[in-house]
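**Student:**
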Amino acid sequence: MVDLSLVAQPRGLDPASPLAVRGLTVTYGEKPALYSLDATFPVGAMSAIVGPNGAGKSTFLKAALGLIPRVSGEVTVFGRDVNRARDRIAYVPQRASVDWDFPTTAIDVVLMGLYGQLGLWRRISGAQRALARACLDRVGMADFADRQIGQLSGGQQQRVFLARALAQNADLLLLDEPFAGVDAATESAIIDVLKSLKAEGRSVIAVHHDLSTVTAYFDHILLVNLRRIAEGPVARTFTAASLSETYGGRLGALQIEGLDLKEA
Amino acid sequence: MQDFLDALVLQAGYNAALVTLGAALLGFAAGAGGSFLFLRKRALVSDAVAHATLPGVGLAFIAMVALGGDGRSLPGLMAGSALTAWLGLLGVEAIVRRTRLAEDAAIGAILSVFFGMGVVLLTVIQNMSQGRQAGLESFLLGSTAGMLYQDAMLIAGGGAMVVAAIWLLRRPMTLVAFDPGYAAARGVNVGRVDLAMMGLVLAVTVIGLKLVGLILIVALLIIPPVTARFWSDRADNVVWSAGVLGAVSGWGGAALSASAPSMPTGPIIVLIAAALFTFSLLFAPVRGVLASVLARRAFQARVHRRQGLLALSRSEPIHDGLTLKVLTREGLIRPDGVATDKGRAAAAKIARDEHRWSVARRLHHDTALTGRYDGLTPIEEVFTADEIALFDTRVDRIGAV
């Protein structure tokens, strides 16, 4: 008998990682958006993807999910092909991608998170409705269940989208700029929920743009600017040196000092 | 008139009753199916599909005559029209995908080219010696005249099948229409759902050719959803009420046309749908024109009331006519412009709330709450009594300034 676990993984991608990519390359036309990127996100942690505008952060999430074609590269989710692990992923797209006049209420949006269980035939059961309501409650939006989504503020809309992801009961959450353009109350409500997900052993990966909160919110960081600049635990990787390499001259010395980082 | 009423309650003979039922089912399928097109913002693609049926009608006629059959057999004409409509649809998709042209340009190109080909073919058929070509032009505007029992059954059965397919696909189609990126992340094949959506529209078009005609079927696909949107904020309700609106239009139109056979069916169905639309546009709650005018005026009155009271609290004169009218109507000022006791109390309250808000902005940590200041929302709706009492202790301290 051969112990299969001793045979080297041909892919070389960590099968325990909720999201691992190797050599990921994406181009728009012939202009590269991401170049040969490697990353291995740890399980049960909060990870940030950080980089300047146009660095390919959102592109990374979309390409990893297969929403846009990749020129080359491998992607695994918990060691499996992404298409075979979709049930374990919940994706929260950027808020701007939706038509806010669409006839749907907050609770309807959350019920879309149950799409997988509902299938084509089945009616929505009372238990499923209660679950959707509980998800809204968890993000502090239970009172707004029957509002048309266009009548909610930006922060409230973002919380409803997070509730839809919660309804999926996924092990991996991928969020695209969840804190962009939201109020302080929403930001703290979202971060509380994300931290409670982490406490349940789930993995969270978010595209993040606010450098001042990286240390407080995240455990692991991937610094990107078309290619991988650095990846690792925030305490070790989020340094003045790696930041100035990521942002180039765009980030002044004063701004970096303001972050009060340890020198590597 | 009696004829029309008979037709309306299905008492104008078996065939007429079947045609009326068929039109209602077709209307339901068109309204419900068109809703997804409307929600996906691709309503006009259906116009290209509809116009692309015409060459198929001509080709099928020629083929059937060449094979020695009756050129006017409805199933054959429907098969031909479905074929060219499908080609037209693929043409639109290909232009959008492979070139830099936007969808509207692709629709314009396909619609006109296919319709042009169809007209040429119909002219050729007019000059053909064999075949009884009379009646093909009824496919442009629709007609119930001379409809066979089998034709009516075909329309009714086809409509029912499309409705069943819509019911089956409602969840993926809603998901894709609302948030295609999220749908794709869930593993939904967005391209295939879009194709299924267009397939349903194509089916409605082909089934409706004889009854509504290819020029106006697009109206039956678009007007009922737009009408339904006035009455509901939920996708499910929009889809099924659009179905009902379409069914009512189809039923009424077919009945009218059956009682006056010289009238084309399509335009009558569309006019009924348009009447329902106009009524909704004017009188729907919240989204209707009347409701929004009233809401705007009520809002304006609230703004003027507040401006007036602020002016009173500062003992400034009021010149604005509407402000004076609003304040007088509520008994806050006397006709000569002097504040009543009630007016003075209300003004004092408004001035105090302004101070409370400015304290709240300095004191309160929750910007979502302090951000709700719009000058009109009562402070009691935003903060608890305890919080307001806390603000008041600070107001008193700075209020003296």
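Chains as they are written, first to last, in the numbering used here: chain A, 19 to 282; chain B, -18 to 382.
The beta carbon of each residue, even a glycine, is placed where N, CA and C say it ideally should be.
On a predicted model such as this, the values are computed, not experimentally measured, just so you know.
Would you list, in sequence order, the uninterrupted beta strand (DSSP E) runs of no fewer than 3 residues that lie entirely inside the segment 222 to 293 of chain B?
**Tutor:** Whole beta strand (DSSP E) segments, 3+ residues: zero.
**Student:** For serine 115 of chain A, go through chain B and note every residue whose CB falls closer than 8 Å to its CB, in chain order.
**Tutor:** Locating residue 115 of chain A in the first sequence gives position 97, where the first residue counts as 1. From the beta-carbon of serine 115 of chain A, the residues of chain B found nearer than 8 Å are Asp160 and Gly162.
**Student:** Going along chain B, which residues have a C-beta under 8 Å from asparagine 101 of chain A?
**Tutor:** Counting from 1 along the first sequence, the entry for residue 101 of chain A is found at position 83. The contacting residues are Gly168.
**Student:** Helix, strand or coil: how does DSSP classify phenylalanine 59 of chain A here?
**Tutor:** Locating residue 59 of chain A in the first sequence gives position 41, counting from the first residue. Strand, per DSSP.
**Student:** Within 10 angstroms of the Cβ of aspartate 194 of chain A, are there 16 or more other Cβ atoms? Answer buried if so, exposed if not.
**Tutor:** In the first sequence, the residue the question calls residue 194 of chain A occupies position 176. Looking at its Cβ environment, which holds 16 or more other Cβ atoms inside 10 Å, aspartate 194 of chain A is buried.
**Student:** If contacts are defined as beta-carbon pairs under 8 Å, then leucine 201 of chain B and alanine 254 of chain B qualify, I think. What distance do you get, rounded to the angstrom?
**Tutor:** One-based indexing of the second sequence puts residue 201 of chain B at position 220. One-based indexing of the second sequence puts residue 254 of chain B at position 273. Sure, about 6 Å apart at Cβ, within 8 Å.
**Student:** Can you tell me where the alpha helix (DSSP H) with glycine 39 of chain B in it begins and where it stops?
**Tutor:** The sequence position of residue 39 of chain B within the second sequence is 58, counting from 1. Start and end: 34 to 47.
**Student:** Could you compute how far the alpha carbon of aspartate 217 of chain B sits from the alpha carbon of tryptophan 148 of chain B?
**Tutor:** The count along the second sequence starts at 1 and reaches residue 217 of chain B at position 236. The count along the second sequence starts at 1 and reaches residue 148 of chain B at position 167. Cα to Cα, aspartate 217 of chain B sits roughly 10 Å from tryptophan 148 of chain B.
**Student:** Determine the direct distance from the alpha carbon of alanine 145 of chain B to that of glycine 172 of chain B, and round the result to whole angstroms.
**Tutor:** Position 191 of the second sequence, counted from the start, is the residue given in the question as residue 172 of chain B. Position 164 of the second sequence, counted from the start, is the residue given in the question as residue 145 of chain B. Approximately 21 Å, taken between the alpha carbons.
**Student:** In angstroms, rounded to a whole number, what distance separates the CA positions of leucine 257 of chain B and arginine 210 of chain B?
**Tutor:** Locating residue 257 of chain B in the second sequence gives position 276, where the first residue counts as 1. Locating residue 210 of chain B in the second sequence gives position 229, where the first residue counts as 1. Near 12 Å, if we compare the C-alpha coordinates of arginine 210 of chain B and leucine 257 of chain B.
**Student:** With 16 other CB atoms within 10 Å as the buried threshold, where does histidine 300 of chain B fall?
**Tutor:** Your numbering for residue 300 of chain B matches position 319 in the second sequence. Classification of histidine 300 of chain B: exposed, given that the 10 Å Cβ count is below 16.
**Student:** Touching or not, the segment 196 to 212 of chain A and the segment 164 to 180 of chain A, by the rule of three or more beta carbon pairs under 8 Å?
**Tutor:** yes
**Student:** What residues match up with arginine 215 of chain B in a beta bridge as DSSP calls it?
**Tutor:** Translated into the one-based positions of the second sequence, residue 215 of chain B becomes position 234. DSSP lists no partner for arginine 215 of chain B.
**Student:** Taking lysine 80 of chain A as the reference, give the member of B:Arg295, B:Ile369 and B:Ala166 with the closest Cα.
**Tutor:** As a working note, residue 80 of chain A is residue 62 in the first sequence. That would be B:Ala166, whose Cα lies nearest to the Cα of lysine 80 of chain A.
**Student:** Run through chain B and tell me which residues come within less than 7 Å of phenylalanine 256 of chain A, C-beta to C-beta.
**Tutor:** Locating residue 256 of chain A in the first sequence gives position 238, counting from the first residue. Under the 7 Å cutoff, chain B gives no residues; its nearest Cβ is about 27 Å from phenylalanine 256 of chain A.
**Student:** What residue range does the beta strand (DSSP E) around isoleucine 239 of chain A cover?
**Tutor:** On the first sequence, position 221 is the one that residue 239 of chain A refers to. Counting along the chain, the beta strand (DSSP E) containing isoleucine 239 of chain A begins and ends at 238 to 243.
**Student:** Quick test of your reading: leucine 305 of chain A and leucine 229 of chain A, contact by CB under 8 Å. State the CB separation rounded to the nearest angstrom.
**Tutor:** In the structure as shown, chain A begins at 19 and stops at 282. Residue 305 of chain A is therefore absent and cannot be evaluated.
**Student:** So which of B:Ala164, B:Leu122 and B:Ala329 has the shortest CA-CA distance to leucine 83 of chain A?
**Tutor:** Within the first sequence, numbered from 1, the residue matching residue 83 of chain A stands at position 65. Comparing Cα positions, the closest option is B:Ala164.
**Student:** What are the complete alpha helix (DSSP H) segments, minimum 4 residues, inside the segment 299 to 339 of chain B?
**Tutor:** 302 to 310
**Student:** I'd like the ranges of any alpha helix (DSSP H) spanning at least 4 consecutive residues and lying wholly in the segment 146 to 218 of chain A.
**Tutor:** 172 to 185 and 202 to 217
**Student:** Is there a Cβ of chain B sitting closer than 8 Å to that of proline 28 of chain A, yes or no?
**Tutor:** Here residue 28 of chain A corresponds to residue number 10 of the first sequence, with the count starting at 1. Its pLDDT being 49, under 50, proline 28 of chain A is placed unreliably in this model, and the value from its coordinates should be taken loosely. With respect to chain B, the C-beta atom of proline 28 of chain A has no partner C-beta closer than 8 Å.
**Student:** Can you find a CB in chain A that lies within less than 8 Å of the CB of leucine 156 of chain B?
**Tutor:** By 1-based counting over the second sequence, the position of residue 156 of chain B is 175. For leucine 156 of chain B, the answer is yes, since a Cβ of chain A falls inside 8 Å of its Cβ.
**Student:** Could you check which residue in B:Gly233, B:Arg333 and B:Phe19 has the C-alpha nearest to that of leucine 291 of chain B?
**Tutor:** Taking the first residue of the second sequence as 1, we reach residue 291 of chain B at position 310. The shortest Cα separation from leucine 291 of chain B among B:Gly233, B:Arg333 and B:Phe19 belongs to B:Arg333.
**Student:** Thinking C-beta only, is serine 294 of chain B closer than 8 Å to alanine 329 of chain B?
**Tutor:** Here residue 329 of chain B corresponds to residue number 348 of the second sequence, with the count starting at 1. Here residue 294 of chain B corresponds to residue number 313 of the second sequence, with the count starting at 1. For alanine 329 of chain B and serine 294 of chain B, yes; Cβs fall inside 8 Å.
**Student:** For alanine 126 of chain B, collect the residues of the same chain with a Cβ closer than 7 Å to its Cβ; drop the 5 residues on either side in sequence, then sort them by chain order.
**Tutor:** Here residue 126 of chain B refers to the residue found at position 145 of the second sequence. So the qualifying residues of the chain are Pro242.
**Student:** Report yes or no: is there a C-beta of chain B within less than 8 Å of the C-beta of phenylalanine 197 of chain A?
**Tutor:** By 1-based counting over the first sequence, the position of residue 197 of chain A is 179. Taking Cβ atoms only, chain B never reaches closer than 8 Å to phenylalanine 197 of chain A, which makes this a no.
**Student:** Taking the Cβ atom as the reference point for each residue, do threonine 1 of chain B and alanine -12 of chain B lie within a distance shorter than 8 Å?
**Tutor:** Along the second sequence, read from residue 1 onward, the residue named residue 1 of chain B stands at position 20. Along the second sequence, read from residue 1 onward, the residue named residue -12 of chain B stands at position 7. Taking 8 Å as the Cβ cut-off, threonine 1 of chain B and alanine -12 of chain B qualify as a contacting pair.
**Student:** At a cut of 8 Å, does the segment 13 to 27 of chain B reach the segment 95 to 103 of chain B through at least three beta carbon pairs?
**Tutor:** no
**Student:** Whose C-beta lies closer than 6 Å to the C-beta of alanine 33 of chain A among residues of the same chain, with five residues either side of it excluded?
**Tutor:** Within the first sequence, the letter at position 15 stands for residue 33 of chain A. A small correction: the amino acid at residue 33 of chain A is proline; alanine does not occupy that position in the sequence shown. Within the same chain, proline 33 of chain A has close Cβ partners Gly97.
**Student:** How would you write the range of the alpha helix (DSSP H) that tyrosine 133 of chain A sits in, first residue to last?
**Tutor:** Here residue 133 of chain A refers to the residue found at position 115 when the first sequence is read from its first residue. Its alpha helix (DSSP H) spans residues 133 to 136.
**Student:** With a floor of 4 residues, list each alpha helix (DSSP H) that falls wholly inside the segment 47 to 109 of chain B, ordered by position along the chain.
**Tutor:** 55 to 79 and 84 to 107
**Student:** Could you tell me how far apart the beta carbons of glutamate 361 of chain B and isoleucine 369 of chain B are, in whole angstroms, since I believe they sit closer than 8 Å?
**Tutor:** Looking up residue 361 of chain B in the second sequence gives position 380. Looking up residue 369 of chain B in the second sequence gives position 388. Right, the Cβ-Cβ distance comes to about 7 Å (below 8 Å), so this counts as a contact.
**Student:** Ordered along the chain, which non-local residues of its own chain (more than five positions away) have a Cβ less than 7 Å from that of glycine 180 of chain B?
**Tutor:** Against the second sequence, residue 180 of chain B aligns to sequence position 199. No residues qualify anywhere along the chain.
**Student:** Could you pull the DSSP bridge partners for arginine 102 of chain A from this structure?
**Tutor:** Sequence index remark: in the first sequence, residue 102 of chain A carries index 84 (1-based). Answer is none; arginine 102 of chain A lacks a bridge partner.
**Student:** Could you name the residues of the segment 315 to 326 of chain B whose beta carbon sits closer than 9 Å to any beta carbon of chain A, in the order they occur along the chain?
**Tutor:** none
**Student:** Using a Cβ cut-off of 7 Å, which residues of the segment 121 to 132 of chain A contact any Cβ in chain B, in chain order?
**Tutor:** Pro121, Thr122, Thr123, Asp126 and Met130
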